[in-house]
Amino acid sequence: MYNLLAYLKHLQGQNEAALECLQQAEELIKKKHAGKEEIRSLVTWGNYAWVYYHMGQLSVAQTYADKVKQVCAKFSNPYSIECPELDSEEGWTQLQCRRNERAKVCFEKALEEKPDSAEFSSGLAIAMYRLDYKPWRQFPANALRQAIELSPENQYIKALLALKLQKINEAEAVQLIEEALVKAPHQTDVLQSAAKFYRKKGNLDKAIECILRALDSTPNNRYLYSQIIRYYKEKVNQVQNTGESEAQGDREKIEELRALITDYKNKVEKMPHFLNAPCDLTEFRKAEECYQRAFSKELPSAEKQQLNTSHGNIKEYERKSEDTTVKNYLESFPKSKKSSERDETSYVAEI
């Protein structure tokens with residue numbers, strides 16, 4: 001993800017910030033892939049060359065291009081190399097861009113070379129989970145179970161499996177989601193999945209608790225704000241439909257919830273570069289109106305590209321079932337307070 005973030009920074013003309021992202025990618029590679037730094041660094045070095053070239057620092061750009069050439073020549077031929085690690089890296093990037101079918105192909109190709117890789121198996125399981133909303137797709141429970149066997153500490157995969165089992169094996173699903181929350185209490189994607197799980201179960205209070213905990217870890221996440229607004233609205237309806245909403249306590253609860261909804265909407269509206277979630281994502285008509293207003297304005301090319309991408313994601317989300325996990329390109333960018341518990345979908349951020 002740091003490489004993808006570097007690309008977005010470069011598009012916005014922030015080349016120095018792009019270089020900082022690439023430095024973070026290098027540091028993470030050294031930490032997580034000791035002994036394989038060369039192979040894992042090829043994309044990052046290529047991106048260094050690209051950014052320095054556009055900064056006019058041609059000698060530095062050539063230095064990084066030469067490093068890529070030397071590694072490729074060592075393994076195959078200059079500037080070209082085939083290896084499962086690169087297939088996996090492409091897979092994680094495709095996942096972040098919501099190109100799930102392409103991501104699935106990348107991970108399957110990587111697993112052909114290394115069938116016991118926990119990383120590759122987890123990527124394939126996530127891709128299959130996202131594709132499962134299509135009725136002709138094979139239910140991905142087996143892929144998720146295999147990923148858990150290879151990577152038992154991957155709590156996000158456990159949460160995904162819990163969601164898939166919720167309607168057919170609730171006891172196991174509850175056990176999985178509770179275990180994931182205990183072992184990764186601050187992991188944003190686990191908390192999001194748990195919130196979805198408890199909402200389906202009818203426990204809105206628990207769902208709201210999970211989203212609030214996720215917001216505590218990633219306070220600038222627009223999607224989480226849209227979710228907490230949605231859940232509070234559902235809570236208002238729940239209280240009103242109990243038949244006791246005329247009671248003084250219930251009236252006060254409804255007013256409190258409405259005040260919270262307004263407060264969170266105001267916070268979202270004040271966020272800079274308000275493109276990913278200009279409206280409550282559950283109100284698609286209003287969201288469409290907001291996007292059309294944004295399209296009518298003069299925007300820098302980079303922001304217009306991001307707006308188009310975000311708009312496409314919203315339209316895709318509108319068509320999918322509630323089981324579909326919505327991810328924005330920038331959703332994984334904020335760092336969690338518990339960096340050791342970063343979600344598996346942002347594994348690409350660590351390549």
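Just so we're aligned, residue 1 is where the sequence shown starts under UniProt numbering, counting upward by one. A virtual CB, placed ideally from N, CA and C, is assigned to each residue, including glycine.
Pick from 200, 153, 189: whose alpha carbon is nearest that of residue 174? Working through the sequence shown from its first residue, we reach residue 174 at position 174. For the residues 200, 153, 189, the minimum Cα distance to residue 174 belongs to 200.
Supposed close pair residue 204, residue 235 - CB separation, criterion 8 Å: Sequence index remark: in the sequence shown, residue 204 carries index 204 (1-based). Sequence index remark: in the sequence shown, residue 235 carries index 235 (1-based). Indeed, because the Cβ distance is near 5 Å, the residues count as touching under 8 Å.
What is the DSSP secondary structure of residue 241, counted as helix, strand or coil? Within the sequence shown, residue 241 is the residue found at index 241, counting from 1. Note: residue 241 maps to coil in three-state DSSP.
Mapping the DSSP letters down to three states, classify residue 98 as helix, strand or coil. As a position in the sequence shown, residue 98 is number 98, starting the count at 1. Note: residue 98 maps to coil in three-state DSSP.
Is there contact here, the stretch 60 to 79 with the stretch 102 to 109, by at least three beta-carbon pairs under 8 Å? no
Can you check the stretch 151 to 186 for any alpha helix (DSSP H) of at least 4 residues that lies completely inside it and give the ranges in chain order? 155 to 165, 170 to 183
N-terminal and C-terminal residue of the alpha helix (DSSP H) that residue 69 is part of: Residue 69 sits at position 69 when you count from the first residue of the sequence shown. First-last of the alpha helix (DSSP H) with residue 69: 58 to 75.
Is the beta carbon of residue 195 sitting closer than 9 Å to the one on residue 238? Along the sequence shown, read from residue 1 onward, the residue named residue 195 stands at position 195. Along the sequence shown, read from residue 1 onward, the residue named residue 238 stands at position 238. Going by C-beta atoms, residue 195 is not nearer than 9 Å to residue 238.
Since residue 15 contacts residue 44 with CB under 8 Å, what's their CB separation in whole angstroms? By one-based count along the sequence shown, residue 15 stands at place 15. By one-based count along the sequence shown, residue 44 stands at place 44. Going by Cβ atoms, the distance from residue 15 to residue 44 rounds to 15 Å, so no, they are not a contact pair.
Would you mind sorting residue 208 into buried or exposed? The rule is 16 or more other CB atoms within 10 Å of its CB. Position 208 of the sequence shown holds residue 208. Buried: at least 16 other Cβ atoms inside 10 Å.
Is the separation between the beta-carbon of residue 128 and that of residue 115 shorter than 9 Å? Stepping through the sequence shown from its first residue, residue 128 is reached at position 128. Stepping through the sequence shown from its first residue, residue 115 is reached at position 115. Result no, Cβ atoms of residue 128 and residue 115 do not sit closer than 9 Å.
From residue 35 to residue 150, what distance separates their C-alpha atoms? The sequence position of residue 35 within the sequence shown is 35, counting from 1. The sequence position of residue 150 within the sequence shown is 150, counting from 1. If I take the Cα positions, the gap works out to 21 Å.
Cβ neighbours of residue 9 in the same chain (closer than 7 Å, five flanking residues each side left out): As a position in the sequence shown, residue 9 is number 9, starting the count at 1. Only 17, 18, 21 meet the Cβ criterion.
Apply the 10 Å Cβ neighbour rule to residue 57 and answer buried if 16 or more other Cβ atoms are within range, or exposed otherwise. For this step, residue 57 is matched to residue 57 along the sequence shown. Residue 57 is exposed by the Cβ-count criterion.
Less than 8 Å between C-beta atoms, sequence neighbours within five positions excluded: which residues of the same chain meet that for residue 111? As a first step, residue 111 must be located in the sequence shown, where it is residue number 111. Result list for residue 111: 84, 117, 120, 121, 124, in chain order.
Rounded to the nearest angstrom, what separates residue 41 and residue 269 at their Cα positions? Stepping through the sequence shown from its first residue, residue 41 is reached at position 41. Stepping through the sequence shown from its first residue, residue 269 is reached at position 269. When rounded, the distance between both Cα atoms is 38 Å.
Chain D beta carbons: is any one of them nearer than 9 Å to that of residue 115? The structure shown has no chain D; it contains just one protein chain.
Residue 190: which of 221, 155, 215 sits nearest, CA to CA? Taking the sequence shown and counting its residues from 1, one reaches residue 190 at position 190. If we check each option's Cα against that of residue 190, 155 comes out closest.
Reduced DSSP secondary structure (H/G/I, E/B, other) of residue 84: For the purposes of this step, residue 84 is taken as residue 84 along the sequence shown, with counting starting at 1. The answer is helix: DSSP assigns residue 84 an H, G or I state.
Compare the beta carbon distance of residue 161 and residue 145 with 9 Å and say whether it is the shorter of the two. Here residue 161 is taken as the residue at index 161 of the sequence shown, counted from 1. Here residue 145 is taken as the residue at index 145 of the sequence shown, counted from 1. Result yes, Cβ atoms of residue 161 and residue 145 sit closer than 9 Å.
Rounded straight-line distance, which links the Cα of residue 39 to that of residue 113: Start at 1 with the first residue of the sequence shown, and residue 113 comes out as number 113. Start at 1 with the first residue of the sequence shown, and residue 39 comes out as number 39. Near 15 Å, if we compare the C-alpha coordinates of residue 39 and residue 113.
Between which two residues does the alpha helix (DSSP H) holding residue 46 run? Locating residue 46 in the sequence shown gives position 46, where the first residue counts as 1. Unbroken alpha helix (DSSP H) run through residue 46: 37 to 54.
What would DSSP say about residue 10, mapped onto helix, strand or coil? To locate residue 10, count along the sequence shown from 1; it is residue 10. Of the three classes helix, strand and coil, the one that applies to residue 10 here is helix, per DSSP.
Under three-state DSSP, which class holds residue 123? Taking the sequence shown and counting its residues from 1, the one referred to as residue 123 is at position 123. Three-state DSSP puts residue 123 in a helix.
Taking the beta carbon of residue 89 as the centre, do at least 16 other beta carbons fall within 10 Å, making it buried, or is it exposed? Taking the first residue of the sequence shown as position 1, residue 89 is located at position 89. Burial call: buried.
Suppose you measure from the CA of residue 130 to the CA of residue 59; what does that come to, to the nearest Å? Working through the sequence shown from its first residue, we reach residue 130 at position 130. Working through the sequence shown from its first residue, we reach residue 59 at position 59. Roughly 43 Å separates the two Cα atoms.
Just curious, the alpha helix (DSSP H) that residue 216 is in, first and last residue? Counted from its first residue, the sequence shown places residue 216 at position 216. Looking at the DSSP string, the run of the alpha helix (DSSP H) that includes residue 216 is 204 to 217.
Ignore the nearest five residues each way along the sequence and tell me which others in residue 166's own chain have a CB closer than 8 Å to its CB. Looking up residue 166 in the sequence shown gives position 166. Same-chain partners within the cutoff: 173, 197, 200, 201.
Does the Cβ-Cβ distance between residue 73 and residue 47 come in under 9 Å? Translated into positions along the sequence shown, residue 73 becomes position 73. Translated into positions along the sequence shown, residue 47 becomes position 47. Contact: no.
Where does residue 104 sit, in a helix, a strand or coil, going by DSSP? Taking the first residue of the sequence shown as position 1, residue 104 is located at position 104. Three-state DSSP puts residue 104 in a helix.
Using a threshold of 9 Å, state whether the C-beta atoms of residue 224 and residue 192 are closer than that. In the sequence shown, residue 224 corresponds to position 224, counting from 1. In the sequence shown, residue 192 corresponds to position 192, counting from 1. Going by C-beta atoms, residue 224 is nearer than 9 Å to residue 192.
How close, in whole Å, do the beta carbons of residue 232 and residue 254 come, if the pair is a contact with beta carbons under 8 Å? Position 232 of the sequence shown holds residue 232. Position 254 of the sequence shown holds residue 254. About 10 Å separates the two Cβ atoms, so there is no contact after all.
How many Å lie between residue 13 and residue 55 at the Cα? Position 13 of the sequence shown, counting from 1, holds the residue named residue 13. Position 55 of the sequence shown, counting from 1, holds the residue named residue 55. C-alpha separation (whole angstroms): 10 Å.
Using the rule of at least 16 other Cβ atoms within 10 Å of the residue's Cβ for burial, across every protein chain shown, is residue 317 buried or exposed? For this step, residue 317 is matched to residue 317 along the sequence shown. Since pLDDT at residue 317 reaches only 47, below the 50 mark, its modelled position is unreliable, and the value read off the structure follows with that caveat. When all chains shown are included, residue 317 counts as buried.
On the DSSP letters alone, give me the boundaries of the alpha helix (DSSP H) that residue 25 sits inside. The residue you call residue 25 lines up with position 25 of the sequence shown. Looking at the DSSP string, the run of the alpha helix (DSSP H) that includes residue 25 is 15 to 32.
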